[in-house]
Amino acid sequence: MSRPAAERPALNFEALACRFDGPGVRAIALLGSHARGDAGIYSDVDLQRLVDAAPGALPPGDSHLIDGHLVVVGTVTPTEVEAWFTEPQQATNMIAGLQPARALIDRDHYFGQIQRRAHAFRWDAEMQAKANIYASEQMVGWIEEAHKGLQGLMLDDVGRLLLGRFGLSWGLLGIVKVQRGVMLRTENEMLARVIGSVGVETEWARLCRTAFGLHEAGQSPPSVYDEVRAGLRLYVETAKLLAHAIQPQHAPLIKQTVERIESFL
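Counted from 1, the sequence shown has number 125 at position 125 by my numbering; the numbering is strictly sequential.
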C-alpha cells in the first residue's frame, strides 16, 4: 500500500539524481512542477538524464516509486537534445520547460549551455516552415481516425467512435499547437494555451471543447456521439485554420476528407 501523501518525506533531489548517475552521464536535471516550485502532492518528479551518444550501463530510467513519490526518468542523447531546438514538435514540448529547470548534476556545464540556449531560443521562419510541413502531414495522418468516426456514427460502433474521438480531439489539438508554435511549460496547460492562441470565442474553440467532452455549467455533458460529431467538424475547421500551411501534395486528400465529412454531417 502506498504511503499517504501527507506522510511522504521531502525528497533530496541531488541525492535522488545520484541514484540514476553512471558512466556516460553528462547531466541530470529536474524539470516540471518541482523545478518551477508549483508541485502538488501528486505531482511526479521529472528528471532528464543527458548522456553521451553511447553511454555505459546505467541504472534503469522510466518510472519509479521512491518514498511515495512517482519519479519519472527520461534518458536523452545529444541527437535527441538537438531535436529540442530544431524540430517544432520537440521545441513546443521542451523549450519552455527547460528554462526554469534545475541542474542536479552538470559535468562541464553541459546542461547550463543547453539551458542558456533555451532562454535564447526564437521561433524563426525556418522553424515555422517546418511546423507547417508537420501540420500538413499530421492532417493527413489523422484522416484514418476521421473515417473511424464516420463509420462509428454510421454503424453505432463504440469502438470506432472511441478511436475516432482520440484523433479528432488530442490529434487535432497537437497539430495546432505545433503549427502555431505554442510553447508549453507543462502539458497540463496544452488545451487552454492552444485554445487561447486560436481565440476562446471562436468556432474552433467551441468545437474543440465539445470534442473533449467539456460543457458549460448547467448543461448536459455531451455524449460520445456528440464528441465525435464535434471532432469531425473540428477537422473541417482545422483545415480552414491551417489552409495556408497545407502542402500541395497533401491538399487533395485533406479536401476530399473535408467534403466527405460535410456531406455526412
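Ideal Cβ positions, reconstructed from N, Cα and C, are used throughout, including at glycine. All figures in this text were calculated on a predicted structure; none of them were measured in a lab.
Beta-carbon proximity check, Ala118 vs Leu98, cutoff 8 Å: For the purposes of this step, residue 118 is identified with residue 118 of the sequence shown, where counting begins at 1. For the purposes of this step, residue 98 is identified with residue 98 of the sequence shown, where counting begins at 1. Result yes, Cβ atoms of Ala118 and Leu98 sit closer than 8 Å.
Nearest residue (CA-CA) to Asp226, options Gln179, Gly164, Leu11 and Asn188: For the purposes of this step, residue 226 is taken as the residue at position 226 of the sequence shown. Selected option, being the one with the closest Cα: Gly164.
Boundaries (first-last residue) of the beta strand (DSSP E) holding Gly74: To locate residue 74, count along the sequence shown from 1; it is residue 74. Taken as a continuous stretch (DSSP letters only), the beta strand (DSSP E) holding Gly74 covers His69 to Val76.
Residue from Asp67, Thr75, Gln151 and Lys148 whose Cα sits closest to the Cα of Pro23: Counting from one through the sequence shown, the residue named residue 23 turns up at place 23. If we check each option's Cα against that of Pro23, Thr75 comes out closest.
Three-state class that DSSP yields for Ser33 in the structure shown: Along the sequence shown, read from residue 1 onward, the residue named residue 33 stands at position 33. Ser33: helix per DSSP, three-state reduction.
Span of the beta strand (DSSP E) around Ile66: For the purposes of this step, residue 66 is taken as residue 66 along the sequence shown, with counting starting at 1. Taken as a continuous stretch (DSSP letters only), the beta strand (DSSP E) holding Ile66 covers Asp62 to Ile66.
Contained beta strand (DSSP E) runs [length at least 3] in the region 65-146, N- to C-terminal order: 69-76 and 102-106
Buried or exposed by the 16-neighbour rule on C-beta atoms within 10 Å, applied to Met154: Stepping through the sequence shown from its first residue, residue 154 is reached at position 154. Met154 is exposed by the Cβ-count criterion.
Buried versus exposed call for Ser169 [16 or more other C-beta atoms within 10 Å across all chains shown]: Here residue 169 refers to the residue found at position 169 of the sequence shown. Buried.
Coarse secondary structure for Ala17, derived from DSSP in three states: Translated into positions along the sequence shown, residue 17 becomes position 17. Three-state DSSP puts Ala17 in a helix.
Sufficient close CB pairs (3 or more, under 8 Å) joining the region 146-160 to the region 187-207: no
Residues sharing a beta bridge with Asp46, DSSP: Taking the first residue of the sequence shown as position 1, residue 46 is located at position 46. The partner list for Asp46 (beta bridge, DSSP) reads Leu31 and Val72.
For Gln249 and Met1, the rounded distance between their alpha carbons: Here residue 1 refers to the residue found at position 1 of the sequence shown. Here residue 249 refers to the residue found at position 249 of the sequence shown. Residue placement at Met1 cannot be trusted, given a pLDDT of 45 that sits under 50; what the coordinates show is reported in the next sentence. Spanning the two alpha carbons is a distance of roughly 55 Å.
Start-to-end residues for the alpha helix (DSSP H) that takes in Pro222: Taking the sequence shown and counting its residues from 1, one reaches residue 222 at position 222. It is not in any alpha helix (DSSP H) - Pro222 carries neither H nor E in the DSSP assignment.
Euclidean distance between Cα positions of His215 and Ile261: By one-based count along the sequence shown, residue 215 stands at place 215. By one-based count along the sequence shown, residue 261 stands at place 261. Rounded to whole angstroms, His215 to Ile261 spans 23 Å at the Cα level.
Rounded straight-line distance, which links the Cα of Gln151 to that of Pro88: The residue you call residue 88 lines up with position 88 of the sequence shown. The residue you call residue 151 lines up with position 151 of the sequence shown. If I take the Cα positions, the gap works out to 33 Å.
Continuous alpha helix (DSSP H) stretch holding Gln179: start and end: Here residue 179 refers to the residue found at position 179 when the sequence shown is read from its first residue. From DSSP, the alpha helix (DSSP H) with Gln179 extends over Leu172 to Gln179.
Coarse secondary structure for Ala200, derived from DSSP in three states: Numbered from its first residue, the sequence shown carries residue 200 at position 200. Residue 200 is actually Val in this sequence, not Ala. Three-state result, Val200: coil.
Closest residue to Leu47 among Ile195, Phe212 and Ser63 (Cα-Cα distance): For this step, residue 47 is matched to residue 47 along the sequence shown. When each option's Cα is compared against that of Leu47, the closest is Ser63.
Separation of Asp106 from Ala146, as counted between CA atoms: Position 146 of the sequence shown, counting from 1, holds the residue named residue 146. Position 106 of the sequence shown, counting from 1, holds the residue named residue 106. Computed Cα separation, rounded: 46 Å.
Best match in Ala230, Leu232, Arg185 and Ile195 for proximity to Leu31 [C-alpha to C-alpha]: Counted from its first residue, the sequence shown places residue 31 at position 31. For the residues Ala230, Leu232, Arg185 and Ile195, the minimum Cα distance to Leu31 belongs to Arg185.
Beta-carbon contacts of Ile143 that lie in its chain and below 7 Å, excluding the five residues immediately before and after: The residue labelled residue 143 in the question sits at position 143 within the sequence shown. Contacts found: Leu253 and Thr257.
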